[in-house]
Every structure is written in structure tokens, then in C-alpha cells.
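**Student:**
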Amino acid sequence: MNIKVEAKSIFKVFGNEPKKALELLSGGKSKEEIFEATGNTIGVQDASFTVGEGQIFVVMGLSGSGKSTLVRMINGLVTPTSGEMLIDGTDVADCSAKTMRDVRRSKIAMVFQHFALFPHMSVADNVAYGLKIKGIGADERRAKAEDALAQVSLRAYADSYPDELSGGMQQRVGLARGLASEAEILLMDEPFSALDPLIRRDMQDELLELQRALKKTIIFITHDLNEALILGDKIAIMKDGRFVQVGTAEDIVANPADDYVAAFTADIDRARVFTAGTVMVPAEALDLAADTAETAMARMETLGRDALHVVEDGRPVGIVAYRDLSASVRKNGGALKGAMIADFPATTRSTQLFDLYGLAETGLPIAITDRKGELVGVVAPQDVFAKLAAPAAA
Amino acid sequence: MFSPADILTIPLADWVNSFVREFLVPNFRPFFRSLQWPITQVLNGLDTLLNAMPMLVFTAILAAIAWRTAGRGVALFTLVALAFIDMIGLWRETMTTLSMVVTAVLFCTIIGVPLGIIAAGSNRFQAFLRPVLDIMQTIPSFVYLVPIVMLFGVGVVPGIIATIIFAIPPIIRLTNLGIRNVREDLVEAARSFGSTRWQMLWDVQFPLALNTIMAGLNQTLMLALSMVVIAALIGAGGLGLTVFTGLGRLDVGNATAGGVGIVLLAIILDRITQALGEPGRMKKTSLKATLLNLFSPARQTRAGEA
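The listed protein sequences correspond, in order, to chains A and B. If you're matching positions, the first sequence starts at 143 in the numbering used here and goes up one per residue. If you're matching positions, the second sequence starts at -2 in the numbering used here and goes up one per residue.
Spelled out as C-alpha cells, the structure:
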């Protein structure tokens, strides 16, 4: 994977004695002690991360954790005190104003918490703002703005003014403005925080939908861990300007790095974080051609299972339950096929536990198949619920 | 009784006298005289134009402007007020005053808006400018009339220069304020897309500050109008002169007539500039559309919605 954004031990000190503050910091002083001694505030300390092309990197933290400062250092709205910020290999922490402008114009677009739409411009002009700055002609701007608006299904509102739109629509315009500039990197600073919960949920889905088609590199800031877990390919948890933990959603929920992270993960919806893959056990299956009812029952006894899937050429074709088999042996001499239930629950490894509830209802183990349709594992219904109940520390 | 003056007396008046008479006037008079040139040109052009224009044509134009910006009521008032001024025999004086005031406000804008923009971008410049503006606003205008006469001579143009000094602070202050008050996240958004300072100023800051700047223009205009009588003291003509001569001859009638003329002019200009500063949908209909409206009633509703 191509690395689009790479931060190498970024520090940011707000105040007039950054050098002194950094010295104190490396001497092990805390943020509060440094503030008392120098009056300077540590915004971000020693942040290093890489974001690959097409990834969504979510930075999650409470207000004052430095997350907004961090994202502003990626496009130079805030200049780091020390460290390197590489955008496609260009260090924007230390570059000329011209280079900075070029990077902003061609590589990075930003979406803001309070939308930051220009109230004196029409929606189309807002969306085309980045193109206008680049010196693109009016007709081409209009065409591209309409394309971008179509992507967020607001094309009909091109000639409206921002104050005529609802909050959710305004933020979709903000998103379209980011998309229209054709930048590969999208910085999103709490874009959905100012929206109602229902609209927020819609916007999250819409963003994921768009992302599947556009494959932008997104750096997304939020204070909502649920949002982070839904969107992030990689999540960084920030506290007091430091990264406390960086990892996937599952890493963070399953193995919180410290009590701070654990406290956050305590009340999140685990069913939306964990996937079938995390509760799956390797498949033990019967071969439709080779196995009989007797061998099947013997396998189940040794494995201690109540039901086993039946495969034909590696693909699951049905499931047999112990109870049915013993009846079948008594009645019709034990053909495996006779006892087989062809209508069995099946899904893929990446399905969220949330979506397994319906499948678990049958009481039968859920077959997990790979892209070729071959059986790779099974999920027992009770394991789904065990995973949801397991405390984070366990 | 003891007083500090027993120990030390400061001859401030003498110092200022010698500074102006022995340094400023002999050395810089030609320089100050040359400053008059652009003002003279604008004033003469405007004065000739306004005085050459028939009363009815000018009234129609100003009423149309009032109607476009401030609505029907103000347009009607403009018609009646201008007719009244004509009937009390002060048309010519009013035009002279108007050309003086417009010239003064024009130069206030040309000088004041850039200064305000610079002050918005630099705290240091703002810190320097603030006391200067405070002095300009609080010092009685009679104090600087004398050095102005010594440096620029007597006449209409020195009167306009005095008016500019008196009237310029609001437009500088409000330009500064307007630009500083543009929402921080909008400025950040403009920067994040790679705007240069100039692009940011032109596309974002200036349009968003325009309402505040127009409020400053309105204040500047009102101050300029309030200076016309004082400017008449040093030879400026127009309605100010009518009031001033009325005062000198204890001619209450003429002084009142001139005063009424100034007030009517002030109300018209105030309403128009105030309306310019208000954000309204009205401005979005282009003048062309409005003119078409006038001639084809069928289109009226459609263009009205646009």
C-alpha cells in the first residue's frame, strides 16, 4: 500500500517559549507542570502515524486532546513545532509558502465541523471554491461542481444558498466541496458532530458508500468512539496530545491499552465492532460423498458437537444435526442426505455480529464461507452472545 | 497658592506656532498643494456634471437609485424632498454641497478601506492607528482649520480636506472590524483550499465584511454632511455657505432654509447607503431584469421570484 500521509514525531507547543517547553517535556514534566512553568500549552506530543492510500484513519479524542490541532498540521493550518509531516513525501512542516499552497490546492481538501460554507456564495460556487482558487474557468468549475453535488445527491440545490439548507445538507455540500477539488486526501474535522444523531448515522453510511467508490485517503477526527469504530480502518485514541493507542476497531475494543481507553470501550456497541471472523472456529465438515450417518455421528461424538456442515467439493450444501441423524438411522438405514437440512444459515467472515442475530435464531451453527463459497469456519450461536458479553479486560 | 506653573511653564502654543509657521509651511507647502490636485479634478468634474444636469433628470436618477436600493418609500421621499429644495431656491447650492460631500466620501473610501484592511491584518498597525483615529474624532475641527488654511489656502478643496480628516475614522474602523469579524472557520476553509492572501481578501473577507464596511461608509457620509457648515468657514460654498452667511447676518430665514436643505440631503443619502449595507434578496435581481420588468408586465412575477 502506498503511504499518503506520514507523521514523524510531531510536536506542537502553543506559546512563546516552545523550545523551553519541549525541553521540559523531554525531561518528563507533565502538561500541567509545563503550563505552570512557562505558560505554554502542549498541543500535540510525539505523534507518529502513517496513513495508506485509500485508508480511513480516525483520530478519536475528547475536546482539548489535540486532535483538531493534529489534523490542522497535515495541511499546514497549524505549523508543527518540531517533527516531519510528509504528504506524498513532501514535508509540509518545513516548506515554502508556495509549496504549501500547491499541496493544499492539489492534494488535500478539508471538511469542517461547522461546515464553513461561504454564506455569500451559492452552493455551486461553494463547491467550486477550490477549483476557482486553482484558476479553473467558470464553465469547467460549474460542471465539476455539479458532478460533486450529484455524488452527495444535492445537484438540484446548486443555485441555493447555504442558509437555505438543513445542517445535514450543508455538511454534504461541505463534503462535495472537498470532493470537487479532486484532492486524494480528505481531512474531516468532526464533520458530523454538529448534526442530529439520526442524520449523523446516515452521513456515516453515506461516507462509507462514497469511500467504496472513490477510495480517498481520509483522516477523520471525532470525539465519538462509536463513530470511530464504524468508520476507521485504523483508529488512534488521543489524550493530552498523545496517542494512547493505535489499532483497528477490534484491537481497541478487545485489548484496550489502558484504563482510559477501556473506559471508552465500556459502553460501545460491541456487536458493531466484532465480526463473524472473531468468533469463528475452524470448520469440521462431513463430506457428502464419503460420510454416512454412522461416521457422522461418530465424528460429532469425538468433536463434542451437536451439528456438522456437509460439504461437496469444499462448498457447504447442508447441515446435519445429531438428533436427526439418530432418528434417520433407525428409520431409513442412515443415508446422510436423508437427515440433511439444506436451508442453513451462512455468511462471510467480515459480517458484523450485529447482523448474525437473525442467523443465530435458528439455533444451528452458522457457516462462514470465503469469497469462493468454500467453508472456512463455523460460528456457534452461543459464541456470538458470549463475545458480546465478554468484558473488555477478559 | 502654589501651582506647578510657578516652577515650569510650557509654551505649547509658541512651539506649535513655530513648528507650523517656520517648518511646515515654508518646507512643505508645495507638497501639500500638490495633494490638492486629485481632489480638485474629481470635485470639478462632479460639480460640472451635477450643475449641468437638469433638475428633473437628476431627481429621476436619484429617485431610481433610491428605489432600487431602499425601496419605494425612500424613492418617493427623494422626489418630494428634491422638489422642495428646488422650490425654496437652493438647487444650485445643494448640488455644490452634494459634489463636495461625494468627493470627500470618495476619498475617504479610497484611503480608508485599504487602511482598514491593513489594520485588520496587523495588530501592530492597528495599535498605531487607534490613537490617531481617536484624536481625529475628538479634536475640535476648528483646531485644524487654521493649519489647513496655512498649508492649502482658502477654498472648496481645503474645505474638503478638512471634511476628509473629520469623516474618515468610521470607515477605517468599520473596515477593520468587519474583516476581523469574518468567521474564523471561513478564513480557515479558504486557507485550506490554498488561497493566497489576495484571493482570500477578495473572495471571502471583503464580501463578508461588506455590510460592516457599508455601515462605516454611511457613518462617514453623515459626518461629511455635518462638516459642510464648518467647511464654509474656510471658503467652501454650497448649503454650508447659505447657513454661514445667514448666521453672519442674523438672517434666520436663510440659515433655516440652508439647514433644511442639508437635513433633506442627509436623510436621502443616509437611507440609500444604509440600505446598501443591509443584506437583502432585493439586490439579487439584476438591474437589467428590473428594467425589463418595467417594460413587460407579463414577466414581472417571474423575475420577481428570481
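C-beta atoms are modelled at their ideal positions from N, C-alpha and C, and glycine is treated no differently. Owing to the predicted nature of the structure, the values given are computational and were not obtained by experimental measurement.
Please confirm if M330/A has its CB atom under 9 Å from at least one CB of chain B.
**Tutor:** Judged by the 9 Å Cβ criterion, M330/A is not in contact with chain B.
**Student:** Mind reading off the beta-carbon distance from R457/A to L450/A? Whole number of angstroms is fine, and I expect it under 8 Å.
**Tutor:** With a Cβ gap of about 15 Å, R457/A and L450/A do not count as contacting.
**Student:** How about L356/A and T364/A: do their beta carbons lie closer than 9 Å?
**Tutor:** Not closer than 9 Å, so no.
**Student:** Does the CB of I327/A have a neighbour CB from chain B at under 9 Å?
**Tutor:** No, I327/A lies away from the interface with chain B (no Cβ there is under 9 Å from its Cβ).
**Student:** For the segment 166 to 189 of chain B, which residues have a beta carbon sitting closer than 7 Å to at least one beta carbon of chain A?
**Tutor:** Going along the segment 166 to 189 of chain B in chain order, one finds D182, L183, E185, A186, R188 and S189 with a Cβ nearer than 7 Å to chain A.
**Student:** Taking the runs of the alpha helix (DSSP H) that are 4 residues or longer, which of them lie wholly in the segment 291 to 365 of chain A?
**Tutor:** Those alpha helix (DSSP H) runs which fall completely within the segment 291 to 365 of chain A and span 4+ residues are 309 to 322 and 339 to 356.
**Student:** Residue range of the beta strand (DSSP E) that D411/A falls in?
**Tutor:** From DSSP, D411/A is part of no beta strand (DSSP E); its letter is neither H nor E.
**Student:** Evaluate P128/B with the Cβ neighbour count: other Cβ atoms within 10 Å of its Cβ, from every protein chain shown; 16 or more gives buried, anything less gives exposed.
**Tutor:** Classification for P128/B: exposed.
**Student:** Thinking C-beta only, is A252/B closer than 9 Å to T270/B?
**Tutor:** Against a cut-off of 9 Å, the Cβ pair of A252/B and T270/B comes out as no contact.
**Student:** On a Cα-Cα basis, can you pick out the residue from V253/A, E306/A, I341/A and A438/A that is closest to A322/A?
**Tutor:** It is V253/A whose Cα lies nearest to the Cα of A322/A.
**Student:** Is the beta carbon of P261/A less than 9 Å from the beta carbon of P304/A?
**Tutor:** Cβ distance < 9 Å, so P261/A and P304/A count as in contact.
**Student:** Specify the secondary structure class of V226/B as computed by DSSP and reduced to three states.
**Tutor:** Here V226/B sits in helix by DSSP.
**Student:** Below 9 Å between beta carbons: does that hold for G519/A and V453/A?
**Tutor:** No.
**Student:** Can you give me the start and stop residues for the alpha helix (DSSP H) that F241/B sits inside?
**Tutor:** Here the alpha helix (DSSP H) through F241/B covers L236 to G245.
**Student:** For F153/A, decide whether its Cβ has a neighbour in chain B, counting only Cβ atoms nearer than 9 Å.
**Tutor:** Chain B contact via Cβ: absent.
**Student:** Is any beta-carbon of chain A found at less than 9 Å from that of V201/B?
**Tutor:** Yes, V201/B lies at the interface with chain A (some Cβ there is under 9 Å from its Cβ).
**Student:** Chain B partners of I360/A, CB-CB under 8 Å?
**Tutor:** Those within 8 Å of I360/A in chain B number zero; the least Cβ separation is about 15 Å.
**Student:** Could you tell me whether the Cβ of G310/A comes closer than 9 Å to any Cβ of chain B?
**Tutor:** Chain B, which has no Cβ nearer than 9 Å to the Cβ of G310/A, makes this no.
**Student:** Within 10 Å of its beta-carbon, does V54/B have 16 or more other beta-carbons around it, so buried, or fewer, so exposed?
**Tutor:** It is exposed - the Cβ of V54/B has fewer than 16 other Cβ atoms within 10 Å.
**Student:** Would you verify that the beta carbon of R457/A is, or is not, closer than 9 Å to some beta carbon of chain B?
**Tutor:** R457/A does not count as touching chain B.
**Student:** How far does the alpha helix (DSSP H) with A396/A in it reach, from first residue to last?
**Tutor:** A391 to A396 is the extent of the alpha helix (DSSP H) around A396/A.
**Student:** Is F254/A helix, strand or coil by DSSP?
**Tutor:** Residue state, collapsed to three classes: coil.
**Student:** Along the chain, where does the beta strand (DSSP E) that runs through M227/A open and close?
**Tutor:** Note, M227/A: beta strand (DSSP E), S224 to I229.
**Student:** Exposed or buried, M197/B, counting other C-beta atoms within 10 Å across all chains shown (16 or more means buried)?
**Tutor:** Label assigned to M197/B: buried.
**Student:** Mark G277/A as exposed unless 16 or more other C-beta atoms lie within 10 angstroms of its C-beta, in which case mark it buried.
**Tutor:** By the neighbour-count rule (16 or more Cβ atoms within 10 Å), G277/A is not buried but exposed.
**Student:** If we count the other Cβ atoms within 10 Å of its Cβ and call it buried at 16 or more, is D525/A buried or exposed?
**Tutor:** So D525/A counts as buried.
**Student:** Is there a Cβ of chain B sitting closer than 9 Å to that of Y271/A, yes or no?
**Tutor:** Yes, its Cβ sits closer than 9 Å to a Cβ of chain B.
**Student:** T75/B bridges to which residues according to DSSP?
**Tutor:** The partner list for T75/B (beta bridge, DSSP) is empty, contrary to what the question assumes.
**Student:** Would you please verify whether the beta carbon of L9/B is less than 9 Å from any beta carbon of chain A?
**Tutor:** Chain A contact via Cβ: absent.
**Student:** Hey, is the segment 77 to 90 of chain B in contact with the segment 142 to 151 of chain B, meaning 3+ C-beta pairs nearer than 8 Å?
**Tutor:** No: the two stretches stay apart, fewer than three of their Cβ pairs being nearer than 8 Å.
**Student:** Would you call the segment 153 to 162 of chain B and the segment 31 to 46 of chain B in contact, with 3 or more CB pairs under 8 Å?
**Tutor:** Yes: the two stretches touch, three or more of their Cβ pairs being nearer than 8 Å.
**Student:** Quick one, which of V186/A, V193/A, E324/A and Y464/A has its alpha-carbon nearest T221/A's?
**Tutor:** If we check each option's Cα against that of T221/A, V186/A comes out closest.
**Student:** On the criterion of 16 or more Cβ atoms from any shown chain inside 10 Å, does P167/B qualify as buried, or is it exposed?
**Tutor:** Buried: at least 16 other Cβ atoms inside 10 Å.
**Student:** Since N217/A meets chain B, which of its residues come closer than 8 Å, beta carbon to beta carbon?
**Tutor:** Those within 8 Å of N217/A in chain B are S189.
**Student:** Which residues of chain B have a Cβ atom closer than 9 Å to the Cβ of F260/A, listed in chain order?
**Tutor:** Simply L183, A186, A187, D200, V201, P204 and L205.
**Student:** Looking at the strands, I want to know which residues DSSP matches up with K150/A.
**Tutor:** For K150/A, which the question treats as bridged, DSSP gives the partners E226/A.
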